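Comments concern the structure below.
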Amino acid sequence: MARNIAVLGSTGSIGTQTLDVARRHPDKLKVVALAAGRRAIEAFKQAEEFGVRYVALGQEPSSSGAEAPVVPQGVEVAYGAQAVADLVKLLEVDVVVNALVGAAGLQASYETLRAGKVLALANKESLVVGGDLIMPLAAEVDEARRVAGLAPEHGPAGALMPIDSEHGAIYQCLIGESSREVERLWVTASGGPFRGRKRDELRDITAKQALAHPTWNMGPKITIDSSTLMNKGLEVIEAHHLFTMPYDRISVVVQPQSAIHSMVEFSDGSVKAHLGTTDMRIPIQYALSYPERWDAPVEPLDFTKLGSLEFAAPDTDTFRCLALARAAGERGGTLPCAMNAANEIAVAAFLAGEGSYLGIAECVEAVMDAHDVQAAESIAQLLEVDAWARAEARKRIR
Ligand SMILES: NC(=O)c1ccc[n+]([C@@H]2O[C@H](COP(=O)([O-])OP(=O)(O)OC[C@H]3O[C@@H](n4cnc5c(N)ncnc54)[C@H](OP(=O)(O)O)[C@@H]3O)[C@@H](O)[C@H]2O)c1
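Residue numbering for the sequence shown is 1044 to 1441, as defined by our numbering.
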């Protein structure tokens, strides 16, 4: 029977690739709901193509100053952040692909699991900000899936499926293994477009230069995060939550070809690595097909053409965001939430030409220093911390 999916962030990089996976497997995936931000025309076209009835838009077309597009027949549209989060509760929805960008995805992740549905998660910021609240909910849904006979006989019950390629890789390397025998997670990084440069060479970096990622084609926020290595920092926090792994046993290694998507080291010294073509449709599809594997949406890796694989330690003196995110994760509580919000503001300012490239790390560090850390207790509290950190970050854009 086909799985009914809601795609949040359907007009973005992960969202459109998710729809491509659905397009290739109409017998296995049925798109029943879509959410986007402001690209209403694109979202409506998608709704028509996939015969989707429910669409939620984060922003009303009138508030963006654009002419309101015509809503296609048979489509019900709702507006605002609550409408996006409400979509996940629809009875028709079995699996939610959360491909929203930034902390705006937190509420939807939380509501998905609260509704007992499967969360296929691209929005890593959800776990960075609210991992302490989301993971216990995921454990409850896992348990409910086992009781209801929906979980596979072996391996994880599948309530929270990571879409990030690194976490999808680790997830697969861990299947069939005992957590007691896992020594270390190796999260691989491409190193971004400025790999090998020093701080002085980064002073005048423009948004256009930072947006040219060497191996992945992604949305603007994650592309900037990849260039500053903040993305890797967010992924370290994500790995900590997803795989219940202490920070001192999560290492980052630069693997410029991006062929190895991540690795797991075991107590006997064996290392399992996950390799594949650099195409996000592979991890997206796995998150939706688990525990099955479906036909590949892309050409598999040709090892005879791969050439050499290089590895290097990340340069955290130059790319300070990785060290800052790790420090935020280690301190825990509300600090990752404040750190993430400051980063979102600093990145948006950089993209708008209002802040400098090196100013991103400076802004994040200043907001982290100013934050009075508490234990993470509720979504409402995290939303307050997020708003506070955004206001603080705006004062520190340089
Ligand atoms: N791209 C990748 O290869 C990749 C890989 C791994 C993980 N991820 C993660 O996946 C997430 C999405 O990344 P992306 O690269 O796909 O980003 P993106 O291309 O910028 O797309 C973001 C999507 O979110 C929508 N959106 C933004 N704000 C919204 C709001 N307030 N309400 C409703 N919808 C909203 C956008 O809608 P509009 O465009 O219509 O405004 C768009 O559909 C991020 O957390 C990222 O870190 C991405």
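Don't be surprised by glycine CBs; every beta carbon is placed ideally from N, CA and C.
Predicted, not measured: the structure shown is a model, and the values here were computed from it.
- In the structure shown, L1143 adopts coil according to DSSP, grouped into three states.
- Bridge pairing for R1227: E1308 [DSSP].
- The segment 1169–1177 makes no contact with the segment 1243–1262, as fewer than three CB pairs between them are under 8 Å.
- Taking a C-beta distance under 7 Å as the contact criterion, H1068 and W1337 qualify as a contact pair.
- Residue side-chain check: N1166 places its Cβ nearer than 6 Å to a non-hydrogen atom of ligand 1.
- Collapsing the DSSP output to three states places L1254 in coil.
- A direct Cα-to-Cα measurement between D1070 and A1212 gives close to 26 Å.
- Exposed is the label assigned to D1360, since fewer than 16 other Cβ atoms lie within 10 Å of its Cβ.
- By the 16-neighbour rule on beta-carbons within 10 angstroms, L1349 is exposed.
- Taking the C-beta atoms as reference points, V1279 is found nearer than 7 Å to I1293.
- Distances from the CB of T1054 to the heavy atoms of ligand 1 include at least one below 6 Å.
- A Cβ-Cβ contact shorter than 7 Å links N1141 with L1164.
- Residue pairing by DSSP puts V1297 in a beta bridge opposite A1232 and A1355.
- The nearest non-hydrogen atom of ligand 1 is 6 Å or more from the C-beta of G1198.
- Nearest C-alpha to P1205 among G1080, S1152 and A1045: S1152.
- Of the candidates G1198, V1114, P1263 and D1063, P1263 places its Cα closest to the Cα of F1393.
- The Cβ atoms of S1270 and G1235 sit closer than 7 Å to each other.
- Boundaries of the alpha helix (DSSP H) harbouring H1284: M1273 to L1285, taken from the DSSP string.
- Per DSSP, P1289 lies in no alpha helix (DSSP H) and is assigned neither H nor E.
- Remark: the shortest separation between the CB of I1265 and any heavy atom of ligand 1 falls under 6 Å.
- For the pair V1184 and G1159, the CB atoms are nearer than the 7 Å cut-off.
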